[in-house]
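In full-length UniProt numbering, the protein residues as written are 1 to 134.
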């Protein structure tokens, strides 16, 4: 199949497929005499795996590492578990940071009501003060 067909099948843009090829996440396809890329079912499976990893917010290096484990299936799962444990830790840190951001935004929002004019806006004044950014 050609790149457009693969893109529609997986539900991503053709530029994304080319990017993944450039990053080494998707093996380069064979080419026809006219230069068109020819993708196989294996490319589709690999691309679907990458897409699911991206939905889980895994980074490109993490995806590359997981693919290397897939390519050597007889090794213990310990490294895969460690990679996912690290990713879970990063997600938890992001959640903590987002909760802190939410508290700051709620605090800013509480500084203003709809009856004020912009020159008396407590939100803009709060953002302008260093004290609100922690």
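Where is the CB? At the ideal position from N, CA and C, for every residue including glycine.
Since we're looking at a predicted model, the values are computed, not measured.
Taking Cβ positions, are residue i and residue j nearer each other than 7 Å?
i	j	result
residue 20	residue 29	no
residue 44	residue 98	no
residue 36	residue 2	yes
residue 23	residue 60	yes
Below 8 Å on the Cβ atoms is my contact criterion, and I expect residue i with residue j to pass it. Report the Cβ-Cβ distance as a whole number of Å.
i	j	result
residue 87	residue 25	Incorrect: roughly 17 Å between the Cβ atoms, too far for contact.
residue 66	residue 6	Not a contact, Cβ separation roughly 21 Å.
In terms of residue numbering, what span does the alpha helix (DSSP H) encompassing residue i cover?
i	result
residue 13	Careful: residue 13 lies outside any alpha helix (DSSP H) and carries neither H nor E.
residue 69	60-71
residue 114	Element bounds for residue 114: n/a, residue is neither H nor E.
residue 129	Neither: residue 129 is in no alpha helix (DSSP H) and is coded neither H nor E.
residue 44	41-55
With a threshold of 8 Å on Cβ separation, who are the neighbours of residue i within its own chain once the five nearest residues in sequence on each side are excluded?
i	result
residue 91	57
residue 111	122, 123, 125, 126
residue 4	14
residue 31	37, 38
In chain order, what residues of the same chain have a beta carbon less than 7 Å from the beta carbon of residue i, not counting five sequence neighbours either side?
i	result
residue 18	none
residue 102	none
residue 109	123
Ordered along the chain, which non-local residues of its own chain (more than five positions away) have a Cβ less than 6 Å from that of residue i?
i	result
residue 53	63
residue 113	none
Can you confirm whether the stretch 108-122 touches the stretch 69-83 when touching is taken to mean that 3 or more C-beta pairs between the two stretches lie within less than 8 Å? no
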